[in-house]
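Everything on this sheet refers to the single structure shown next.
Numbering (our numbering), first residue to last: 2 to 247.
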């Protein structure tokens, strides 16, 4: 701290001439310990007990305070004053974002609203800036006679093996070269050992390789597949695939 105050004294200024120690920065002033200050003594006692608990040192009974402290009761006027000082602290970007999300949720729950009734909001409390815009439709991706967006997913019925899943994609003119669940790789065409998994059930690979617990009430598992067009070899970003094995 002494080095900091030496480098940036209380009257230090930035390159633009503005005071360096301006809000929210405050010039630090080291405290000088005083045995007559109750706050200093309470800190020493609390820090000593904390270190004793941390290192497993028995705390003497006389050091423990059996009293349970509670906030002193205040009258209605004092309570309103305390609450009034708290209100500015909740006007944060988090509170603003939560309020805007709830506003859109009211529209969803109310029903009967068109897409044009919803809004995307861009805000910056520092400026302050509030800008609302109509949401644009999601990007439409196409492959042959199929089309989808990032909100879609493909559903496959049946307890498929890895080979059957690859064939299901091949029927759509898609060549899968990687299948993963979470952060685990279930299949990759570059790894020769993965060919031994071709006749394994996908759900079994999810349990064994990805270490995912599949409870009895769950009917499906989700996998991410990276594949390419069989004709030109270009990557095709397909939706998440849900395999309903029950």
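We treat Cβ as the ideally placed atom computed from N, Cα and C, and that holds for glycine.
- Pairing residue 230 with residue 174 gives a Cβ-Cβ distance under 8 Å.
- Closest by C-alpha distance to residue 223, out of 201, 217, 246, is 246.
- Burial check for residue 163: the Cβ neighbour count within 10 Å reaches 16 or more, so the residue is buried.
- Between residue 29 and residue 5, the gap from beta carbon to beta carbon is short of 8 Å.
- In this structure the region 172-191 touches the region 200-208; the number of beta carbon pairs closer than 8 Å is three or more.
- Within the DSSP secondary-structure output, residue 223 pairs in a beta bridge with 243.
- By DSSP's assignment, residue 134 forms a beta bridge with 121.
- Remark: C-beta atoms of residue 136 and residue 150 do not approach each other more closely than 8 Å.
- Taking the CA atoms as reference points, residue 37 sits about 18 Å from residue 49.
- Taken through DSSP and simplified to helix, strand or coil, residue 216 comes out as coil.
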